[in-house]
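Start counting the sequence shown at 708; every next residue gets the next number (the numbering used here).
Built from N, CA and C at the ideal position, the CB exists for glycine as well.
In what follows, a structure is listed as structure tokens, so that the remarks can point back to it.
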Amino acid sequence: MTDTLPSAGDAPELLFNPFDPAFRANPYPFYDVLREKAPVWMSPLQTIVLSRYEDVAVTLRSNDFSRDVEKNSNAAASPIQARKREKRAEESTKSILSLDPPDHTRLRRLVSLAFTPSAIERLRPRVQQLVDDALDNAAERGSMELIDELAFPVPFQVISDLLAMPTERSVELRQWSQHLTASLEPTADDHDIDLAGQAIDHFVPYLVEIIDDRRKHLGDDLLSALIQVEESGDRMSNQELIAFVLLLYVAGHETTVNLIGNGMLALLRNPDQLRMWRDDPALDATAVDELLRYDGPVQLTVRVPLVPVHYREVTVEPGTVVMTLLGAANHDPAMFDDPHSLRFDRPNSNRHLALAGGIHYCLGASLAKLEAQVAISSVIRRFPEVQLAGEPGWRDRLTIRGVDHLPLSWP
Ligand code: HEM
């Protein structure tokens, strides 16, 4: 792979090619050159690409930007963007993720209570039980495929438990979620948009049916709580509820699975750090932050400036899509010493931007960290000699970074 890595002399156009397999396997050397040579770069996708920690952090936290790209970007020229807009208009509902204040503020307040760190901590025994069951099944075999046997089913079951959702259609649900996230990729084509449309056509009626039934049989689950939620006269509309549950499913399927997968791979490639965490339970609380920094599942997000904004000598006009490279920011040597090394003794791992920042900071952060901590620490303590049993394959995505299979074995 080394001969395909970029050098400081490369032109920026070569550096952010999502279709390049070398980029897929390891984007960080590409980010390095971009950060150094073109930190505020107008890419061929007609988006401004930011790769420095400071620029990314300021952008995520600034009120001068909108998260509602469909509404505020002037990138209407692309037919794919236009179709995406149509599709979103048909869906008629936006999730909290793409809303700006004041709607975002209202919804975020309504849903936040269910996701406080203490509410999530109460889920720990259940998460541990699910992980232990998965490891029991694999123990005798001496091997497991981490993604299908642990990294996917555990977060899926936890989010299903939280919402008290049936799980018998998990295969379809997973596929619908994958089609939805694929359509959010900057590189999504007509086919991806069509598949996402079909997924919505199945997913929404499925959720409507469950929500209608739940209204009649309220329980002590998150969905019932959201149906009943009322604060300062606010309620979630039915559309908002559907969009939120949809987002939770997608978040539950497409992110934590990759944190567990990428994190486990990082440990296997850094056996000294694996041993360090395995032998020191004090690291349980902090190791996941370093894994998020080192190789996070969400590599980028987008914003649109509502007023002219300045990055040093460059001015970005309102309506231009600004892509913040979270993964590049997390490997910025100006913020993290020796950034390409996995180091559990790093003093500032928790300054990473893998869960974004500002008002859209990941609502599921505590849950994702809990699941990854329990899953990974259990694997390395129960199977201390765990090793890679084959080459991992990278998923064909730009925004979401993750391995699609990770075969493990132990003596
Ligand atoms: C390792 C796993 C996860 C990662 C890396 C991750 C990452 C992110 C990021 C980067 C954002 C902000 C995107 C932006 O600003 O444009 C976000 C928002 C969000 N995440 Fe997560 N996420 C993870 C897991 C979860 C889980 C498990 C849930 C819920 C069950 C969740 C629910 C949400 C929600 C609802 C938002 C929108 C918050 C808002 O707009 O106010 N996430 N996540």
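Going by C-alpha distance, which of D775, L930, D1002 is nearest D868?
-> L930
Which residues mark the beginning and the end of the beta strand (DSSP E) in which M851 is found?
-> 850-852
Looking only at C-alpha atoms, which of D919, V1110, S825, H886 sits nearest to G968?
-> V1110
Consider the C-beta atom of A1063 and the heavy atoms of ligand 1; say whether any pair is separated by less than 7 Å.
-> yes
Less than 8 Å separating the beta-carbons of D771 and V1028?
-> no
In its own chain, which residues sit with a C-beta less than 7 Å from the C-beta of P1004, not counting the 5 before and 5 after it?
-> T962, N965, L966, N969, I1107, R1108, G1109
Just mark S780 as buried or exposed, buried being the case when its beta carbon has 16 or more other beta carbons within 10 Å.
-> buried
Quick one: is the Cβ of R1058 within less than 7 Å of any heavy atom of ligand 1?
-> no
Quick one: Cα of T1031 to Cα of R1010, how far?
-> 8 Å
Look at the alpha carbon of D1103 and the alpha carbon of R833, and state the distance between them as a whole number of angstroms.
-> 32 Å
Can you tell me the Cβ-Cβ gap for L1033 and V740, rounded? I've got them flagged as a contact below 8 Å.
-> Wrong, their Cβ atoms sit about 17 Å apart, outside the cutoff.
Buried versus exposed call for F910 [16 or more other C-beta atoms within 10 Å across all chains shown] = buried
Can a CB atom of chain B be found closer than 8 Å to the CB of R921?
-> In the structure shown, chain B does not exist; there is a single protein chain.
Is the number of C-beta pairs between the stretch 987-994 and the stretch 730-745 that are closer than 8 Å three or more?
-> no
Taking 7 Å as the cut-off, does the CB of H811 come closer than this to any heavy atom belonging to ligand 1?
-> yes
Sorry if obvious, but does the Cβ on H1067 come closer than 7 Å to a heavy atom of ligand 1?
-> yes
From L1105, F1090, R816, residue whose alpha carbon lies closest to that of E847 = F1090
Check whether the Cβ of T766 sits closer than 7 Å to any heavy atom of ligand 1, and report yes or no.
-> no
Have a look at L1007 and S1116 and give me their C-alpha separation to the nearest angstrom.
-> 32 Å
8 Å Cβ cutoff met for R759 and D807 = no
Where does Q1094 land, buried or exposed, given buried means 16+ other C-beta within 10 angstroms?
-> exposed
Closest to V776 by CA distance: which of F859, P893, M872, Y1001 is it?
-> P893
Thinking just about the alpha-carbon of each residue, which of A845, L891, I854, I1083 is nearest to the one in R982?
-> I1083
L817 versus E916: straight-line alpha-carbon distance, rounded | 23 Å
Check whether the Cβ of A1082 sits closer than 7 Å to any heavy atom of ligand 1, and report yes or no.
-> no
In three-state DSSP terms, what is R816?
-> helix
Taking 7 Å as the cut-off, is the CB of T963 close to at least one heavy atom of ligand 1?
-> yes
For I854, verify whether its CB is less than 7 Å away from any heavy atom of ligand 1.
-> no
Within 8 Å, strictly: CB atoms of D928 and L870 = yes
Would you say L1033 touches ligand 1, meaning its beta carbon is less than 7 Å from a heavy atom?
-> yes
For S890, does the three-state DSSP call read helix, strand or coil?
-> helix
Specify the secondary structure class of R768 as computed by DSSP and reduced to three states.
-> helix
Neighbour-count burial assignment, N1037, 16 or more Cβ in a 10 Å radius | buried
Less than 8 Å separating the beta-carbons of A1079 and L998?
-> yes
At which residues does the alpha helix (DSSP H) containing M749 begin and terminate?
-> Segment 747-749 is the beta strand (DSSP E) holding M749; no alpha helix (DSSP H) there.
In the DSSP assignment, find the alpha helix (DSSP H) that holds S825 and state where it starts and stops.
-> 824-828
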